Amino acid sequence: STEEASPTPAGDEPAAEPALPRGAAAVAPEMDVDGAGAAADQTEAKEPIDWKKVPEGRMRQLRKTRRVMGTNRDAMAFLEGSVLHAEGRIDEALARMEQALGVQLRNRPSLLLKMGEIEQNRRHWDAAAGHYRAALEVDPLSAGAHLGLARVASHKGDWQTAAREAQTCIGQFFHNPRAHYLVGTALDRLGKTHDAIESLKQALTISPLYSSAHRELARLYRKTGQAELATRHRELAREARRWQTVTPAA
């Protein structure tokens, strides 16, 4: 959030008396000049604070306290949107995310990635891709944005783009099983079944309980006449699903 302006301008003239946050007296004890606390002031009003006499070090503490105690509305909107998304309240989640667009630039890629994910859940592929591209404008090295574009492309049947974006994601973050899975599915659709099998095997090396990768690998082994391996991966897919019912996915 933007840093609060100093209550005292540069010319040493006092500005209007700032509103102190609750608890500010804890960091400015000298303001209670008689030392008697609130009980001694029940029948007598306190003198206005002479801000010229407050030491600069104490003023810095007060400004820091105001920042810490303030509410970051953009961050709150992002958190509320994330909770709504987890609860399956997709339209409400997107509305809250849109209210967080004023978030600081360094946090904007995370917001845009989440908005892209929500639009994917709504099956609004072009809107999702727009959010992922916007994230790349802020952070050209965002592996999550490239993965999102790969997912959108695979849903649209654009296998060349899906493979390219997933491979870019892998180049930035190799240990991403979903990226290897997307490369595998795309390469198979492009007629490169052997390479697809290798990509799926890599996905399972990273995440052995990836049931979708086991199912896809079983299909490709069946397609290439390797019945024993196909049967083995079908069994592993079922076993992985059983584990996922008792072990929440990361």
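Oh and the sequence shown: position 164 is 162 in the numbering used here, straight run, nothing missing. The beta-carbon is built from N, C-alpha and C at its ideal position, and this holds for glycine as well. Predicted model, so just to flag it, every value in this text is computed and none were measured.
Quiz item: Can A211 and Y219 be called in contact, C-beta distance under 9 Å?
Solution: Taking 9 Å as the Cβ cut-off, A211 and Y219 do not qualify as a contacting pair.
Exercise. Measure the Cβ-Cβ separation of E163 and A151 and say whether it is below 9 Å.
Key: Taking a C-beta distance under 9 Å as the contact criterion, E163 and A151 qualify as a contact pair.
Quiz item: Going along the chain, which residues of its own chain have a beta-carbon closer than 6 Å to the beta-carbon of E90, five neighbours each way excluded?
Solution: Same-chain partners within the cutoff: L82.
Self-check item: Touch test, the segment 155 to 162 against the segment 126 to 141, Cβ-Cβ under 8 Å, three pairs minimum
Solution: Taking 8 Å as the limit for Cβ pairs, the verdict is that the segment 126 to 141 does not touch the segment 155 to 162.
Practice problem: Using 10 angstroms around the beta-carbon of L110, count the other beta-carbons present and answer buried if the total reaches 16, otherwise exposed. | Solution: Looking at its Cβ environment, which holds 16 or more other Cβ atoms inside 10 Å, L110 is buried.
Practice problem: Throw me the rounded Cβ distance for the Q242 and S209 pair, which I believe falls under 8 Å. | Solution: Contact check for Q242 and S209: beta-carbon distance about 7 Å, within the 8 Å limit, so the pair qualifies.
Practice problem: Provide the residue span of the alpha helix (DSSP H) that contains I47, from first to last. | Solution: Unbroken run through I47: none, as it is neither H nor E.
Quiz prompt | Test item: CB-CB of Q97 and R71 under 9 Å | solution = Taking 9 Å as the Cβ cut-off, Q97 and R71 qualify as a contacting pair.
Exercise. Mind listing, in chain order, the continuous alpha helix (DSSP H) runs of no fewer than 4 residues lying wholly within the segment 178 to 227?
Key: Taken in chain order, the complete alpha helix (DSSP H) segments of 4 residues or longer contained in the segment 178 to 227 are 191 to 204 and 209 to 221.
Quiz item: Near H153, what residues of its chain come up, given a Cβ to Cβ distance below 7 Å and the 5 sequence neighbours on each side ignored?
Solution: Setting aside the 5 residues that flank it on each side, H153 is surrounded in the same chain by W123, each with a C-beta closer than 7 Å to its C-beta; the list follows chain order.
Self-check item: Pick from G142, L188 and L185 that is closest to F171, judged by C-alpha positions
Solution: Of the candidates G142, L188 and L185, the one whose C-alpha sits nearest the C-alpha of F171 is G142.
Practice problem: Work out the CA separation of E237 and G169 for me, nearest whole Å. | Solution: Between G169 and E237, the alpha-carbon positions lie close to 31 Å from each other.
Quiz prompt | Nearest candidate by alpha-carbon position, reference A184, set E214, G79 and N174 | solution = When only C-alpha atoms are compared, the closest one is E214.
Quiz item: Can you list, in chain order, the residues of its chain whose CB lies under 8 Å from that of E115, leaving out five sequence neighbours each side?
Solution: Within the same chain, and ignoring the five residues on either side of E115 in sequence, the residues whose Cβ sits closer than 8 Å to its Cβ are H83, A126 and G146.
Quiz item: Can you give the Cα-Cα distance for Q59 and P53, rounded to whole angstroms?
Solution: Taking the straight line from one Cα to the other gives about 10 Å.
Practice problem: Under 6 Å Cβ to Cβ from L188, same chain only, skipping five residues before and after it: list those, please. | Solution: Result list for L188: W157, in chain order.
Practice problem: Leaving out five residues on either side along the sequence, give the residues of the same chain with a beta carbon under 7 Å from the beta carbon of R120. | Solution: The beta carbon of R120 is closer than 7 Å to those of I88 in its chain, skipping five residues each way along the sequence.
Exercise. Indicate, with yes or no, if the ligand PLP has a heavy atom lying under 8 Å from the CB of L99.
Key: Although the ligand PLP was asked about, the structure shown includes no ligands whatsoever.
Self-check item: Sub-9 Å separation of L180 and A148 beta-carbons
Solution: The Cβ atoms of L180 and A148 lie closer than 9 Å to each other.
Quiz item: For G155, which option in T166, D186, Q165 and R176 has the closest C-alpha, if you only look at C-alpha atoms?
Solution: Checking every option, the nearest Cα to that of G155 belongs to D186.
Quiz prompt | Rounded separation between L202 and S140 - CA only | solution = Going by the C-alpha atoms only, they are around 23 Å apart.
Quiz item: Where does F171 sit, in a helix, a strand or coil, going by DSSP?
Solution: In this structure, F171 counts as coil in the three-state DSSP scheme.
Quiz item: So what does DSSP say about H153, is it helix, strand or coil?
Solution: It is helical.
Quiz prompt | For D137 and Q200, the rounded distance between their alpha carbons | solution = Approximately 27 Å, taken between the alpha carbons.
Exercise. Could you check which residue in R239, Q118, G223 and L92 has the C-alpha nearest to that of F76?
Key: Out of R239, Q118, G223 and L92, L92 has the C-alpha closest to the C-alpha of F76.
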